[in-house]
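Q:
Numbering (this note's numbering), first residue to last: 51 to 447.
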């Protein structure tokens, strides 16, 4: 078995530095020019999302000589969200970056760059940050921290072997995620195909206030931390569980609810529509039979709507509210409110396009068919992610 030595990152790096915010030197961002890259400019594969890149002038780029990027540079986030990694490619240049990203430039011919990029996301490196984080509310890393990172460095042949193995698994994970997104896009396209663009309402369906079809409306419970326990027999839905017209049971908070009027009021039923009313407004989900039968409650950041299902299908309403027509209403009501967020009046006054229930049901049947495909793809994604995580632990745990 190969004897693997450990090195500090500084031992194999030609340069470890960071950038500067141009405005601190009197320069402004501009529409065109040299790419100025921040961590949010990169997707999860490390590819550049050009629409999120800002730009600086050539003069500013020359002034910020220390942080001028080169092809092959590894960017590592050291402020805000710690530990995100991206690589600089030739098509991104010329480019510069800010102080939230460390620039790691490696010229050692015995080091395979994809291996370094991989190990920077591994438990070995994450563990070193976690130890520094103890007792610190918001961890920011210094260049000294990056220089002192200790990593295993096998032979270059072994580095390539490890990196290529993980690249194959990452490729499978990416493809599964793309398949899930394509299925979500298919549902959105079907919605427009069946109902038309809801902002325009080309089929001239009736438009009414949501209040006309609401049979029950309530917001969730406050101060339930004392009821939240790891081995609770019921569930407590928070805003993180509600998104994209669905309620995820993954990471659902367990709770032992009290036997009182508050609990009875906030206990959800199958078919209830949930909408987020603070923070990320307008996230929607519909309560499934599984969730309802488990015994489930909502917190104060969510509102529960029980609709007249003879006229409005809750899942149709969820997709309408997640469309541009719905999101624009949430944004408008939030801006006009004295206090950020939505109240009962805001929800009641939401305007909704009301097609015949038969067409709504046809759309919902289509969604359920697509969901069956999504379950298969999600299972394959989960298996690939589990393999990735276990190999990460095996190689770098």
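The beta-carbon is built from N, C-alpha and C at its ideal position, and this holds for glycine as well.
Do you know offhand how far residue 162's Cα is from residue 293's?
A: If I take the Cα positions, the gap works out to 40 Å.
Q: If you check the beta carbons only, do residue 223 and residue 431 fall under 8 Å apart?
A: Contact: yes.
Q: In this structure, how does DSSP classify residue 437 when only helix, strand and coil are distinguished?
A: Three-state DSSP puts residue 437 in a helix.
Q: Can you give me the Cβ contacts of residue 367 inside the same chain, cut-off strictly under 7 Å, excluding the 5 residues immediately before and after it?
A: Excluding sequence neighbours, residue 367 sits near 323, 357, 402.
Q: Run the CB neighbour count on residue 346, radius 10 Å, all protein chains shown included, and call it buried at 16 or more, exposed below.
A: Residue 346 comes out buried.
Q: So residue 360 and residue 407 are in contact, right, with Cβ under 8 Å, and what is the actual spacing, rounded?
A: The pair is a contact, with the Cβ atoms about 7 Å apart (cut-off 8 Å).
Q: Where residue 64 and residue 120 are concerned, what is the direct C-alpha to C-alpha distance, given to the nearest angstrom?
A: Looking at the two C-alpha atoms, the distance is approximately 12 Å.
Q: Does DSSP classify residue 222 as helix, strand or coil?
A: Residue 222 falls in the helix class under three-state DSSP.
Q: Would you call the stretch 243–263 in contact with the stretch 278–285, where contact means no fewer than 3 C-beta pairs closer than 8 Å?
A: Result no; under three Cβ-Cβ pairs closer than 8 Å.
Q: Given residue 329, which residues of its chain have a CB within under 7 Å of its CB, disregarding the five upstream and five downstream residues?
A: The answer, listed in chain order, is 289, 351.
Q: What does a CB cutoff of less than 6 Å around residue 54 pick up in its chain, not counting 5 residues either side in sequence?
A: So the qualifying residues of the chain are 202, 204.
Q: Measuring straight from C-alpha to C-alpha, what distance separates residue 179 and residue 94?
A: Using only the alpha carbons, I get a separation of about 20 Å.
Q: For the stretch 83–91 and the stretch 99–111, state whether three or more C-beta atom pairs, one from each stretch, are separated by less than 8 Å.
A: The answer is yes - the stretch 99–111 touches the stretch 83–91, with three or more Cβ pairs under 8 Å.
Q: Less than 8 Å between the beta carbons of residue 149 and residue 70, yes or no?
A: Yes, Cβ-Cβ distance for residue 149 and residue 70 is below 8 Å.
Q: Among 316, 391, 123, 197, which one has its Cα closest to the Cα of residue 58?
A: Closest option to residue 58, Cα to Cα, is 197.
Q: Could you please give the first and the last residue of the uninterrupted alpha helix (DSSP H) stretch that includes residue 169?
A: Start and end: 163–169.
Q: What residue range is occupied by the uninterrupted beta strand (DSSP E) comprising residue 268?
A: Residue 268 -> beta strand (DSSP E) spans 264–269.
Q: Checking 8 Å against the spacing of the C-beta atoms, do residue 79 and residue 267 come in under that value?
A: No, the pair does not count as a contact, with Cβ atoms beyond the cut-off.
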